[in-house]
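Undergrad:
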Amino acid sequence: MEVFSKYFSRLVVGNAPQIFPGINRPVLNSGNYQILVNEVHKVAHDVDLAGKFAESIETGNEDIFRDFDLSTFMDHFKLDALEKTILALAFKTGSRPDLKTKADAILSANYQGFVEALSQVNQGQEDLTPSFLATIVDRFIQGHPPNFDRQAQILLFRAISYRFRDHPEQDIPAPTEVLAALFLMSIITEGNGLILYIQKIGAAFTSDEDTCRNYIRHAGDINLDEAQVSDALLYTAISRTSTFSPQILVSSLRKEVPAGFSWLQVIQHFDTPDLRISPQQFLAVYEAIRPIALEDPVIIPQLLGGVWQNTETQLSFISAYASLNPHELDASTIPKLRPSFTLDDYADAKPEVRERAEWAVRHPLVSVISLTSVFIVALRETQYSETVEAKRLFQEVVVPNLDIFLVSAFGVPRPWPELAVETINNLFERFLFRVDGHYDFVLASLWRKDKTWVAQRLMDAHVKAPLELPLILEHAIKHEWLHELASMLNGFGLDLAALAHSRSYLDIKDWKATNSPREEELGTALLTFLSIKAQHEIVCQKTSQPHSIMLPVKTVFAMLNVLEEILPKEPSAELIAVLRTCITAYPRLINYGQDDELDRIIDSNVLVTNMLSENAQHMMEQHYKQMYSQELKVRQIVDALAGYKSARDPYQQDVFACMIHGLFDEYTLYSIYPLEALATTAVLFGGIIQNKLIADLPLEIGLGMILEAVRDHLPEESMYKFGLQALLQFIPRLSEWPGFCHQLLQVPGLEGTEPWKRAQNVIHDQQEDMLRNGHNDLMNGGGITNGNIDVLLSAEPSAPPFNSINVDPLPPNADFKDPDPEAQGKVQFLLNNITEVNVQSKFIELKSALDETNQRWFAGHLVEERAKVQPNYHVLYLKLVKLFVDKILWNQLLRETFISVSKLLNAESTLQSSIDRTHLKNLGGWLGSMTLANDKPVKHRNIAFKQLLLEACDTQRLIVVIPFVCKVLFEGRNSVVFKPPNPWLMDIIHLLIELYHNAELKLNLKFEIEVLCKGLSLDHKSIKPSTEFQSRIPPIEEATEPMAVPDGLDRFENLSVNGLGGGIASGRFSPQEILSTMPDLGPLLTYPPSNDMVNTRQLHDILKTAITRAVHEIISPVVERSVTIAAISTAQMIHKDFATEPNEARVRSAAINMVKKTAGSLALVTSKEPLRASMTNYIRTLSVEHQLPEGTIIMCVNSNLDLACSQVEKKAEERAVPEIEEILEPELEARRLHHIRRPDDPYIDPQLSRWAWTIPSPYKL
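Heads up, the sequence shown is in our numbering, so the first residue is 113 and it goes up one at a time.
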């Protein structure tokens, strides 16, 4: 320092004549003038250099320094306001009063220019660091001129704000060092005597502990309260003008402060507006109070978290704390710190994970209390996360340490704020998709902390990016998650299991065994999963745009085998549809599973795509072209297929799959084939089955197609002929499939044909075998070697009769009898010969042949023998009946029509026989002609059309009902009353349109509805559908056995045991009362991630509304039914088992426990499937505009089904208690009376039989 002082003073003295105009002597060395200029201008970037200048001038011995003209000196070198201020501040800390006075004058005169210079980044100031600016501001505040008033302070604060308002790199204002320096204006005040005292003494105040204590003792009347000490501690940590030791200050104060002094209040006084603190300043404060924290456990929690009034100040402290790295502040050494995780948690972790954990456990971000405060303060809502200090925290602390922040966040108590949840979820995806480093550490840590949460996030990621599933599988294998994730029976779990199987990481048999306790759930999930994957595959083959990861044939085959093993023996239409869809999407399934070597060849063909090669398709086209042009015989094609089937060449295997797949794929178009081509196709179709070229799944599908062809078409239709011709080709094999034969015998159109006779023989032989083997129950079906065909094709149980159609009884005074055979013959002869021309004459003859007692027979004959089979004569027959002008005859004709319609609607054969369905349609037209066409209604008590449609939907009989209803309504075109816009008619049509869109109708049923609308001059596309189908409560299938209701429980007589209620509430359970106590389901629901179709808010609203409606719909009838059954059962059990129990408290306790468990379990099992269906329908309805993917809807339902069921279960348990208490009250009263009247006698139920005491000991009461 002394060297520089001499050097600088000589430069000034040598160039004084040039600097100060009043000196008349030559410059000693003009060559060093430029050196002096350069040195002086360095002060703009070096505060310490300004201090050296000031010391050189103050200690100079030459005359020029005795009365140094500081202002002229600065003006000569053309220093700007910033440079003048920096140099003047250096003189403020010197020892010469005259120079201090001159410095004050310069500071005052240049203040405006100084703040302007601070407010903007001028040329030449770009390299002014935050630390340099903080030092300038600090020195100015501590050495300010006398006129530095409140207005001047505001100008200084604004200047700093303006300087950083457009930060070039970060969206945050001034750095914390500068803001901390500005805070000195708040604490260096007349009221803070301790700070002024320390400032006056300077750095010597904390030179050592003894000196510091001595100064404190001689502080005079300064009050050492908590506020003064808190500000002094902050001052010593922030000050740059003089450097202090906060540690020595605190250590000294601890020995000097009065008894009862609270260091916790000292920390609490940090909670003040405008206070900002840098990491090194925080470290200085922490090190000062650490000895206190070792003794007081509340110090660190208050410093690092707690509840602060000034949240920006708190975030500044947390940001400063968390910005320190473990080398600066090792978190494991902080007293009483509660870490989010410790190194012991990683005892068995992989080396790379443990290595990162060793660093993370020492990082300040591991503090639970600090992160809890961040969640509460900065992640509470969006506006709180956009404050200055919140942004600083995220950018300077969280972003550089994302992995530690995310893992530590799981130590924060839940529930988390919504914004925090969203933030954590987004951060997790960054590590899942390897956007940020240390992903192994994050994924391994979070799995240890919360497997369920990680699994849910993986599901969400799979919904957003299904093609990233291989990356998820890679993580699952590396971190050993696969077993648990693949056990999840949802879209994600099944997709992951399938991918793992395809890559040989998962054995499908072990996977099935793991899920064996949940076979029913597994079957349902697999059906849905395979259907969706097959649809994705079909779309991908058409568009080349995959929706999800492609499944290889071996995985689809394995999963289909699992499905067939676990499903019930009566497969649903859904299973059949899935099987057909899979064959369409994965044609190589056709020959898969027959031979291990062939399977390997087929697998090699699927490595790139499931599509068959163009060469194979070309060869298929060549073969079929030659067959249909008769260049090749069908036998030759069959032989060629046999060769391809067993070939070991990949190309020939593809040709075989392509030809069989083409045959199946064309099935829907067979009806438009020319008869000759269709006959050839039928021979080929049957020949393939006869020669055992297909087995298992393809065989099941082929037989199903043939059965449909003969069952659903009239004998004169081409599809029937196709089916019959195909059957004829494999008659010798029918004995292998008794169940299939049983189905053939249900087809009336086959009666008398060769397949029919053969099927009869097969069933007869089977029955004889069963009788010989001692089986009296004749069963349908039997095993076959090529798959469970019987199970697939076996008959479904009969549906219950329709409740919506009823026939009026005969009049009480009716006396009807059949005419004699001669009269019957005459009537039939007349009807056979009646025409439009002779109807009048034939009527006269007919009337003479019949009397009034024959009207019922005549009406029945007209309906059954004429109207049902002769639709072209309906008008003629009605004209004939009208000639009788007999109301009784007309009513009998209408009654017989209802009888015939009821029989056909309820007959099982109508479902199987297209002939019966045609007869029913004819009767529909007949009924409409009798009623609507004559402006007469079909009474609701006879046929409730809307209820009939809904019943048909619930029992899978729309194929029977829709054509009938359409035929009846079609006759409204001839009516004056019953045509649009008649409300009764339009109400039914609205329901038909809803079924048209939402009931997954076959094309022929949709066509019936379209024909009806066209006949009534309506546009079916413009008719608004109703909501009755989707909002209905599906029926609960249960045993139809009547339940015996015990005596005394007659108040339950109106309960419908077999359903959700008898249609009219009994009144014992008010739906409004039940719903009024229901909680808001919104916060309890599990919401999926948003997608491109709908944002998060819309998705939440849809899900909340749909599930709430579903629960509200079903909860009242289910609760009433479950509680009633539980109460009946419990009352009987308690009456029997506690017949000799005198203690009424024990009886009541046992009854309550039993009835709650029983009612809750009944409600749970009863409501689950109806809730699933209702929730799915509501979500679909509410998301029509947004077109939610089916996978998202399924995930929404599956994620929240248990919650919805639990609400129903809880309400049932709550309602069950008062019910059982009311029922048992007489028994409890009997015990109370017994205790009063005969307290010493044992209690015995008066109704107990005396013979109960004679039962042997193990079984007696």
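Just so it is clear, CB atoms sit at the ideal spot from N, CA and C, and this is done for glycine as well.
Here the structure is a predicted model, which means the values were calculated and not measured.
Tell me the rounded alpha-carbon separation between Gln837 and Gly798.
TA: So the alpha carbons of these two residues sit roughly 8 angstroms apart.
Undergrad: Out of Phe189, Asn538, Val1320, Leu182, point me to the one whose CA is closest to Leu201's CA.
TA: Leu182
Undergrad: Looking only at its chain, what residues have a beta carbon closer than 7 angstroms to the beta carbon of Ala532, apart from the 5 residues adjacent to it on each side?
TA: Phe487, Leu491
Undergrad: CB-CB under 6 angstroms to Ala405, same chain, minus the five flanking residues each way: which ones, in chain order?
TA: Within the same chain, and ignoring the five residues on either side of Ala405 in sequence, the residues whose Cβ sits closer than 6 angstroms to its Cβ are Ile411, Ile412, Pro447.
Undergrad: Going by Cα to Cα distance, which pick from Glu1321, Pro1200, Leu1211 is closest to Pro1229?
TA: Glu1321
Undergrad: Contact defined as beta carbons within less than 8 angstroms: I believe Gly603 pairs with Met1307. What is the distance between those atoms, to the nearest angstrom?
TA: The beta carbons of Gly603 and Met1307 sit about 6 angstroms from each other, so the pair counts as a contact at 8 angstroms.
Undergrad: CB Arg208 to CB Thr288, shorter than 7 angstroms?
TA: no
Undergrad: Report back the beta-carbon spacing between Ile661 and Asp607 to the nearest angstrom; my notes put them in contact at under 8 angstroms.
TA: 7 angstroms
Undergrad: Express the C-alpha separation of Ala1243 and Glu1334 in angstroms, rounding to a whole number.
TA: Taking the Cα positions, Glu1334 is about 10 angstroms away from Ala1243.
Undergrad: Under the three-state reduction of DSSP, which class applies to Ser1087: helix, strand or coil?
TA: In the structure shown, Ser1087 sits in coil (DSSP, three-state: anything other than H, G, I, E or B).
Undergrad: For Ala620 versus Ala670, is the C-beta distance shorter than 7 angstroms?
TA: The identity of residue 620 in the sequence shown is Ile, whereas the question assumes Ala. Cβ atoms of Ile620 and Ala670: closer than 7 angstroms.
Undergrad: So, using beta-carbon positions, are Met771 and Met732 closer together than 7 angstroms?
TA: Met771 is a Cβ neighbour of Met732, given a cutoff of 7 angstroms.
Undergrad: Between the Cα of Ile784 and the Cα atoms of Ala1222, Phe834, Lys1048, Met739, which residue gives the shortest distance?
TA: Phe834
Undergrad: By the DSSP assignment, the alpha helix (DSSP H) with Arg700 in it spans what residues?
TA: Run containing Arg700: none; DSSP gives neither H nor E here.
Undergrad: Out of Phe185, Arg1007, Leu1016, Ile1071, which one is the CA nearest neighbour of His825?
TA: Ranked by Cα distance from His825, the options Phe185, Arg1007, Leu1016, Ile1071 are led by Ile1071.
Undergrad: Nearest to Glu1253 by alpha carbon, out of Ile360, Leu995, Asp1353, Lys666?
TA: Asp1353
Undergrad: Whole angstroms is fine: what's the gap from Ala443's alpha carbon to Phe120's?
TA: 48 angstroms
Undergrad: Shortest alpha-carbon distance to Leu701 belongs to which of His475, Asp766, Trp565?
TA: Distances from the CA of Leu701 to each of His475, Asp766, Trp565 were compared; the closest alpha carbon is that of Asp766.
Undergrad: Can you tell which of Ser1318, Ile1237, Tyr1355 has its C-alpha closest to the C-alpha of Asn72?
TA: Not covered by the structure: residue 72. The range shown for the chain is 113 to 1373.
Undergrad: With H, G and I counted as helix, E and B as strand and the rest as coil, what does DSSP make of Ile917?
TA: strand
Undergrad: If you pair each beta-carbon of the region 454–462 with each one of the region 527–545, do three or more pairs fall below 8 angstroms?
TA: no
Undergrad: In or out: Pro1200 buried (at least 16 other Cβ within 10 Å) or exposed?
TA: Pro1200 is buried by the Cβ-count criterion.
Undergrad: Can you check whether the C-beta of Arg352 is within less than 7 angstroms of a C-beta belonging to chain C?
TA: Protein chains in the displayed structure number just one, and chain C is not present.
Undergrad: Which term fits Thr425, buried or exposed, when burial requires 16 or more other beta carbons within 10 angstroms of its beta carbon?
TA: buried
Undergrad: Could you check which residue in Ile248, Gly255, Met297, Arg251 has the C-alpha nearest to that of Ile266?
TA: Met297
Undergrad: For Ser497, does the count of other Cβ atoms within 10 angstroms reach 16, so buried, or fall short, so exposed?
TA: buried
Undergrad: Please report the distance separating the alpha-carbon of Ile401 from that of Val362.
TA: 7 angstroms
Undergrad: How would you call Asn259, buried or exposed, if buried means at least 16 neighbouring beta carbons within 10 angstroms?
TA: exposed
Undergrad: Tell me the DSSP bridge mates of Ser479?
TA: Answer is Pro451.
Undergrad: Going by other Cβ atoms of all chains shown within 10 Å of its Cβ, with 16 needed for buried, is Ser1279 buried or exposed?
TA: With 16 or more other Cβ atoms from the protein chains shown falling within 10 Å of its own Cβ, Ser1279 counts as buried.
Undergrad: Would the beta-carbon of Pro129 fall within 7 angstroms of that of Arg137?
TA: yes
Undergrad: May I ask you to report which of helix, strand or coil DSSP gives Ile1055?
TA: strand
Undergrad: Which residue wins for smallest C-alpha separation from Gln1359, given the options Ala1342, Thr1208, Pro1351?
TA: Ala1342
Undergrad: Helix, strand or coil: which one does DSSP assign to Glu828?
TA: coil
Undergrad: Given a threshold of 16 other Cβ atoms within 10 Å of its Cβ, counted over all protein chains shown, does Asn127 qualify as buried or as exposed?
TA: buried
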